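Report on the following structure.
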Amino acid sequence: MIILGLILVLFAIAAGILLYEGTSQLTDGVDIDVLGGSISLPPLLLLVTGAAVITVFWLGWVLMRSGFKRSARRRREAKEEAALAEQQRLDRERQMQEEFAQRERQLAEERRRHEEETEALRREADAKVQEQHLSTEEARRRAEIAEAESQATGNDPRA
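The numbering of the sequence shown is UniProt numbering, which starts it at 1 and goes up by one.
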């Protein structure tokens, strides 16, 4: 590409030199009608003006083209960034759902463990109540036997 560009530049310089040499000896002016008036220009000035117009045209063309490329690149990058942001949002959402599910599992496990502990404590308390009930029944039965024996022997234990 660099060699091709260098060849084109050298070709343009050679063509410019040939055109300059070819028009420098013309003395008749060229009449140009512009905006209702007429301008008479020497051929060399007309050649330079044409070259300047073409240069401005190509400069504008290059600027437009680079602007289109830049805006297309920005749109593409914006789409990629939006897609990346959406993917990151989905990843964060999925991660939050996983964390939520994990917390729910932990809470369910803690609830189950708490219910097991509560049930064990209830069973233990029921066993103690049953034991106390049996002890109370045993004590009452012994008291009744002792009272019956004391009444049979004539001793009043309350006296």
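Beta carbons are placed, not taken as given, at the ideal position from N, Cα and C, and that holds for glycine. Since the structure is predicted, the reported quantities are computational estimates derived from the model, not experimental observations.
Secondary structure at Asp126, three-state DSSP: helix, strand or coil? helix
Own chain residues within Cβ distance below 6 Å of Ile39, not counting five before or after: Ile32
With respect to the beta strand (DSSP E) encompassing Gly29, which residues constitute its N-terminal and C-terminal limits? Premise fails: Gly29 is in no beta strand (DSSP E) and is neither H nor E.
Would you give the residue range spanned by the beta strand (DSSP E) that Leu41 belongs to? 37-41
Using the beta-carbon count (16 or more within 10 Å), is Leu6 buried or exposed? exposed
CA nearest to the CA of Pro42, picked from Glu115, Ala72, Gly29, Glu77: The shortest C-alpha to C-alpha distance from Pro42 to any of Glu115, Ala72, Gly29, Glu77 is the one to Gly29.
Smallest Cα separation from Gly50: which of Gln95, Gly16, Glu117? Ranking Gln95, Gly16, Glu117 by Cα distance to Gly50 puts Gly16 first.
Can you find the residues in the same chain that come closer than 8 Å, C-beta to C-beta, to Glu91, ignoring five residues on each side of it along the sequence? Reading off the sequence shown, one finds Asp at residue 91, where the question assumed Glu. So the list is empty, once near-sequence residues are dropped.
Using the Cα positions of Ser71 and Leu63, report the straight-line distance between them to the nearest angstrom. 12 Å
C-alpha distance - Arg112 paired with Leu134, whole-angstrom precision: Rounded to whole angstroms, the separation of the alpha carbons of Leu134 and Arg112 is 32 Å.
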